[in-house]
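What follows is a short report on a single structure.
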Amino acid sequence: MLYLKKLIPFMLFIWLAPAVLHAQSNQNQQPTREELERRKRELQKEIDEANEALKETKRSTRESMGQLRALRNKITLRSRLINNINEEINFINGDINGAYRDVKTLQKDLDTLKAQYAQLVVYAYKNRSTYDMINFVFSAQNFNDAIRRYAYLKQYREYRHRQASNIVETQDLLTRKIESLQSQKEKRADALKSEQDERQTLEKDRKEQDEVFSKLKGREKELVEDINKRKKDAQNVQAAIRAVIRREIEEERRKAEAEEVARKKAVEERRKRDEAARKAAAAAAAAANNNNNNVAATPPPVKETPKAPEPERPAPAPSRSANVLEATPEALALSESFENNRGKLPWPVSNGNVIGHFGRQHHAVVEKINVENDGIIIATSKGAAVKTIFEGEVRRVMVIPGSGYVVMIRHGQYFTNYVRLQTVSVKTGDKVRTGQMIGTASTNDIENQGEVELQIYKGIVKQNPEIWIMRR
929 MLYLKKLIPF MLFIWLAPAV LHAQSNQNQQ PTREELERRK RELQKEIDEA
979 NEALKETKRS TRESMGQLRA LRNKITLRSR LINNINEEIN FINGDINGAY
1029 RDVKTLQKDL DTLKAQYAQL VVYAYKNRST YDMINFVFSA QNFNDAIRRY
1079 AYLKQYREYR HRQASNIVET QDLLTRKIES LQSQKEKRAD ALKSEQDERQ
1129 TLEKDRKEQD EVFSKLKGRE KELVEDINKR KKDAQNVQAA IRAVIRREIE
1179 EERRKAEAEE VARKKAVEER RKRDEAARKA AAAAAAAANN NNNNVAATPP
1229 PVKETPKAPE PERPAPAPSR SANVLEATPE ALALSESFEN NRGKLPWPVS
1279 NGNVIGHFGR QHHAVVEKIN VENDGIIIAT SKGAAVKTIF EGEVRRVMVI
1329 PGSGYVVMIR HGQYFTNYVR LQTVSVKTGD KVRTGQMIGT ASTNDIENQG
1379 EVELQIYKGI VKQNPEIWIM RR
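Everything in the sequence shown is counted per my numbering, starting at 929 for the first residue and increasing by one.
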């Protein structure tokens, strides 16, 4: 009996240990690992696109700003990829350390299970006689105690079978954990090799960038002339766009004023008609009284014709200030719809990347000069289709020397302007839908690539298009 009491804690441990180890082995992978894999695929895709852009610019006979931008973009993306690989290596190292701990724990548990099973085997061998088993049952003090002893012997036999199964399961689990550990080591080796290859490629890109930068630096005078020309062209575009917007505002203001004058005139005419009708009714009542020999001392009061209520103009929403560009319900609805799509508007081209950001930027080569962009400049393939980013009405199609065609589309109080188009397929007054083709991108012969500039205005105030269109 004393031996059996000592054996019970071992039995409980053996029953619980496999369940705990099995639960640990089935833990789901952390989402961080999936996020790292996704980021790695996205970065690799962007690097491939940057390589294609660099190939296009290299077809030019001279080094260009496009080459420098493409190289810098590649270096930035590759540096981010290397950081991502390092994070993945750290993650794998954590998996390996965890696997080492699991292997040690499983090995220790397996040794314990084997030792305990050996004790059970020895005990079973010593008590293998049927006489001993029967004597153990019939030595009970009462019938209930005998039943409990018989049930215990039965459970003991089942426990021995389960313990043998637990040993086999633990051995299998240990084998799988060791295989997983080896797999993680191979993944780490692959990741380390990939990180080393990327660093070598990064170093080559940096050397190429330095060479292109050095050659462009030698053409600084030529670059300054090109910057000044582009600046002058941009000023002409902005002046033309602002002039169109101001004319739109003035036309809407005149229209609103004319509608107000017409409304006041209609109200005054209605008042005069009501007054004339009242006077006529009073005169008719007085004549009727005279014909009846003034039967009544005082003529009955004349009922005035009730005035028709003046039509009420819809008041603007409390959160929006009055704006002549939103005078009609249609214009107001279009403005609100445009605003609700902030950050979700499509790109004007199917494939491309931003090479000129909004606002003031330092020039990549001539550090002492700042470049001011009224919108974003997008590099794309030559002759690429340019599409609208939102529904609206074409308000002007212009040709500006140095900037090609300019298409202005109105969306309530917002205007989207598509600059540097080579051809156009719309005209003033056309209603356009989101994603409709309106022309093709112009070609920059020096950069050997297509270019289009997207500008967004709220009234006459410039907006940053990058916070309106979708992120890529």
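For glycine and all other residues, C-beta sits at the position ideal for the given N, C-alpha and C.
Whose CA, out of the options, lies closest to the CA of residue i?
{"i": "Ile1388", "options": "Val1172, Asn1376, Val1322", "result": "Val1172"}
{"i": "Lys1386", "options": "Glu970, Gly1311, Gly1340", "result": "Gly1340"}
{"i": "Lys1032", "options": "Ala1046, Leu1101, Ile1020", "result": "Leu1101"}
{"i": "His1291", "options": "Asp1154, Lys1105, Ser1122", "result": "Asp1154"}
{"i": "Gln1350", "options": "Ala1184, Ser1265, Pro1329, Lys1200", "result": "Pro1329"}
{"i": "Arg1338", "options": "Arg1288, Glu1180, Arg1198, Ala1214", "result": "Glu1180"}
{"i": "Val1311", "options": "Arg1029, Glu1188, Asp1302, Ser1278", "result": "At residue 1311 the sequence reads Gly, which differs from the Val that was named. Checking every option, the nearest Cα to that of Gly1311 belongs to Ser1278."}
{"i": "Gln1138", "options": "Ser1093, Ile1003, Ala1369, Phe1286", "result": "Rather than Gln, the amino acid found at residue 1138 in this sequence is Asp. Closest by alpha carbon: Ile1003."}
{"i": "Asn1301", "options": "Thr1368, Val1354, Glu1381", "result": "Glu1381"}
{"i": "Asn1392", "options": "Val1354, Glu1379, Lys1149, Ile1304", "result": "Ile1304"}
{"i": "Lys1108", "options": "Thr1371, Asn1021, Ala1255, Gly1332", "result": "In the sequence under discussion, the amino acid at residue 1108 is Ser, which differs from the Lys named in the question. For the residues Thr1371, Asn1021, Ala1255, Gly1332, the minimum Cα distance to Ser1108 belongs to Asn1021."}
{"i": "Asn1298", "options": "Arg1170, Ala978, Glu962, Arg1158", "result": "Arg1158"}
{"i": "Val1165", "options": "Arg1324, Glu1114, Lys1135", "result": "Arg1324"}
{"i": "Glu1123", "options": "Gln1163, Arg1400, Asn1014", "result": "Asn1014"}
{"i": "Lys1359", "options": "Val1347, Glu1379, Met1336", "result": "Met1336"}
{"i": "Thr1344", "options": "Thr1256, Lys1390, Asp1118", "result": "Lys1390"}
{"i": "Asn1001", "options": "Gly1284, Asn1268, Pro1274, Gly1357", "result": "Gly1284"}
{"i": "Arg1399", "options": "Ile1169, Leu964, Glu970", "result": "Glu970"}
{"i": "Glu1321", "options": "Gln1289, Gly1357, Val1352, Ser1353", "result": "Gly1357"}
{"i": "Pro1276", "options": "Lys1143, Glu1197, Glu1203, Glu1379", "result": "Glu1379"}
{"i": "Asn1018", "options": "Arg1104, Lys973, Lys1115, Ala978", "result": "Lys1115"}
{"i": "Lys1113", "options": "Ala1204, Ala1205, Leu1034, Tyr1028", "result": "Tyr1028"}
{"i": "Ile1397", "options": "Asn1251, Val1282, Met1326", "result": "Val1282"}
{"i": "Glu1016", "options": "Ala1168, Glu965, Ala1043", "result": "Glu965"}
{"i": "Leu1163", "options": "Thr1368, Lys1355, Arg967, Ser1331", "result": "Per the sequence shown, the amino acid found at residue 1163 is Gln instead of Leu. Among Thr1368, Lys1355, Arg967, Ser1331, the Cα nearest to that of Gln1163 is on Ser1331."}
{"i": "Ile1395", "options": "Thr1371, Gly1271, Val1352, Ser1309", "result": "Gly1271"}
Taking the DSSP output, what are the residues bridged to residue i?
{"i": "Thr1371", "result": "Gly1378"}
{"i": "Asn1218", "result": "Asn1218 is not bridged to any residue."}
{"i": "Met1336", "result": "Arg1324, Asn1345"}
{"i": "Gln1391", "result": "Ile1384"}
{"i": "Val1360", "result": "Gly1320"}
{"i": "Ile1397", "result": "Leu1273"}
{"i": "Met1365", "result": "Lys1315"}
From which residue to which residue does the beta strand (DSSP E) around residue i run?
{"i": "Asn1345", "result": "1342-1352"}
Should residue i be listed as close to the ligand SAH, given that the test is whether its C-beta is under 7 Å from any heavy atom?
{"i": "Arg1006", "result": "In the structure shown, the ligand SAH is absent, as is every other ligand, since no ligand is present at all."}
**Report entry** beta strand (DSSP E) runs wholly inside the segment 1100-1181, at least 3 long, in chain order
**Finding:** Uninterrupted beta strand (DSSP E) stretches at least 3 residues long and entirely within the segment 1100-1181 do not occur.
Report task. Please go through the segment 1246-1323 and give each complete alpha helix (DSSP H) segment of 4 or more residues, from N-terminal end onward. Result -> You should have 1257-1268.
Query raised in the report: Just checking, does the segment 993-1002 make contact with the segment 1369-1379 on the three C-beta pairs under 8 Å criterion?
Result: Yes: at least three Cβ pairs fall under 8 Å.
Query - Meets three-Cβ-pair contact criterion under 8 Å: the segment 1005-1016 and the segment 1128-1143 - result: When Cβ pairs closer than 8 Å are counted between the two stretches, the segment 1005-1016 is seen to touch the segment 1128-1143, the count reaching three or more.
Report task. Decide if the segment 1315-1325 is in contact with the segment 1358-1368; the criterion is three or more beta carbon pairs, one per stretch, under 8 Å apart. Result -> Here the segment 1315-1325 makes contact with the segment 1358-1368; the two share three or more CB pairs at distances below 8 Å.
**Report entry** Contact the segment 1024-1042 vs the segment 1093-1100: 3+ CB pairs below 8 Å
**Finding:** In this structure the segment 1024-1042 touches the segment 1093-1100; the number of beta carbon pairs closer than 8 Å is three or more.
Requested in this report: State whether the segment 972-982 contacts the segment 1257-1277, with contact taken as three or more CB pairs (one from each stretch) at a distance under 8 Å.
Outcome: Per the Cβ contact rule, the segment 972-982 is not in contact with the segment 1257-1277 (fewer than 3 Cβ pairs under 8 Å).
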